[in-house]
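What follows is a single structure, written as structure tokens, with notes after it.
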Amino acid sequence: MKAARSIDAILVEVKGLAPALVIADEVVKAAQVRIVDVEGDAGQQCMLKMIGDAANVQRGAEVAEAAAARMRAACTTTRLMQFDDRADVPLIYCAQEFSGITESNLHLLPRDEPEAKGDTMQALGLLETQGLTGAIEGADAMLKAADVEVVGKEKIGAAHVTVMVRGDVAAVKAAIEAGRVAADRVGTLVSAHVIARPHEGLATLLP
Numbered sequence: 000m001k002a003a004r005s006i007d008a009i010l011v012e013v014k015g016l017a018p019a020l021v022i023a024d025e026v027v028k029a030a031q032v033r034i035v036d037v038e039g040d041a042g043q044q045c046m047l048k049m050i051g052d053a054a055n056v057q058r059g060a061e062v063a064e065a066a067a068a069r070m071r072a073a074c075t076t077t078r079l080m081q082f083d084d085r086a087d088v089p090l091i092y093c094a095q096e097f098s099g100i101t102e103s104n105l106h107l108l109p110r111d112e113p114e115a116k117g118d119t120m121q122a123l124g125l126l127e128t129q130g131l132t133g134a135i136e137g138a139d140a141m142l143k144a145a146d147v148e149v150v151g152k153e154k155i156g157a158a159h160v161t162v163m164v165r166g167d168v169a170a171v172k173a174a175i176e177a178g179r180v181a182a183d184r185v186g187t188l189v190s191a192h193v194i195a196r197p198h199e200g201l202a203t204l205l206p
């Protein structure tokens, strides 16, 4: 057996990528924890993995549960204390995996890049749909409604697509509202959120 590292961790499993990212942002702003992974299951669920000391893990779990309740997002929260994450079969510190189902990566992993810090200065808009038609229609409406830039598109499975836009707070709010209406008109809107100033720990996960 290869060496294991003993860690305290919060695991938050939630339906949809957009709510998972909102929860992650709120947790790292409220507790001294670090995001190590957002793992999709090639279906509708995402698992957010964060580590810290025991007190901050407890605080982070409470914040995660409150954020999920406010968004009415069904989630499961677990606290792992002194969990031995084996190097040969890692469950927390996972390597990137590619899903043949979604034809995309299963993990959002932190980047160790200086430019990621600059991403915290712009607001982040998240528009999640079930189906590409709604996502593309929503993206078109967002770009026409406000001065924003599409910076990413993530697929987690079960036809869930999340389009990410950046800009100033007012522009992103206007864009998300327009995108929400457009996506709902032609497809299935899952959720839409604005993060006014993403935490650096979240920014390192994103495009």
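The opening position of the sequence shown corresponds to residue 0 in numbering that gives the first Met the number 0, with each subsequent residue numbered one higher. Glycine included, every Cβ here is placed at the ideal spot set by N, Cα and C.
Assuming residue i and residue j are in contact, meaning their beta carbons sit under 8 Å apart, how far apart are those beta carbons, in whole angstroms?
| i | j | result |
| --- | --- | --- |
| VAL171 | VAL193 | 5 Å |
| GLY166 | ALA145 | 7 Å |
| THR119 | HIS198 | 7 Å |
When DSSP labels each residue in this structure, what does residue i get in the three-state scheme?
| i | result |
| --- | --- |
| LEU47 | strand |
| GLU38 | strand |
| LEU248 | Any answer about residue 248 is impossible in this case: the structure gives the chain only from 0 up to 206. |
| THR187 | strand |
| ARG4 | strand |
| LEU108 | coil |
| GLN129 | strand |
Could you give the distance in angstroms between the alpha-carbon of residue i and the alpha-carbon of residue j?
| i | j | result |
| --- | --- | --- |
| GLN44 | THR101 | 13 Å |
| LYS48 | ALA67 | 15 Å |
| ALA181 | GLY133 | 7 Å |
| ARG85 | SER103 | 26 Å |
| ALA72 | GLY51 | 24 Å |
| ALA202 | ILE22 | 13 Å |
| ASP36 | GLN121 | 22 Å |
| LEU10 | GLN57 | 11 Å |
| PRO206 | GLN31 | 24 Å |
| ALA53 | PHE82 | 11 Å |
| ILE34 | ILE6 | 13 Å |
Using CA coordinates, which residue listed in the options is at the minimum distance from residue i?
| i | options | result |
| --- | --- | --- |
| MET46 | GLU64, LEU16, LEU204, LYS28 | LEU16 |
| GLY137 | GLY178, PRO109, ARG110 | GLY178 |
| GLY124 | ASP111, VAL168, GLY186, VAL11 | VAL168 |
| LYS189 | ALA173, PRO197, HIS159, GLU199 | It should be pointed out that residue 189 corresponds to Val in this sequence rather than to Lys. Selected option, being the one with the closest Cα: HIS159. |
| ARG184 | GLY200, THR128, ASP83 | THR128 |
| LEU204 | GLU64, LYS143, VAL13, VAL27 | VAL27 |
| CYS74 | ALA29, GLY186, ALA19 | ALA19 |
Among residues of its own chain, excluding the 5 on either side of residue i, which ones have a beta-carbon nearer than 7 Å to its beta-carbon?
| i | result |
| --- | --- |
| VAL162 | LEU126, ALA134, GLY137, ALA138, VAL149, LYS152 |
For residue i, collect the residues of the same chain with a Cβ closer than 6 Å to its Cβ; drop the 5 residues on either side in sequence, then sort them by chain order.
| i | result |
| --- | --- |
| ALA208 | Since the first and last residues shown for the chain are 0 and 206, residue 208 lies out of range. |
| LEU79 | ALA8 |
| ALA157 | GLY42, GLN43 |
| GLU25 | VAL62, ALA66 |
| ARG110 | THR203 |
Ordered along the chain, which non-local residues of its own chain (more than five positions away) have a Cβ less than 8 Å from that of residue i?
| i | result |
| --- | --- |
| GLU96 | ASN104, LEU105, HIS106 |
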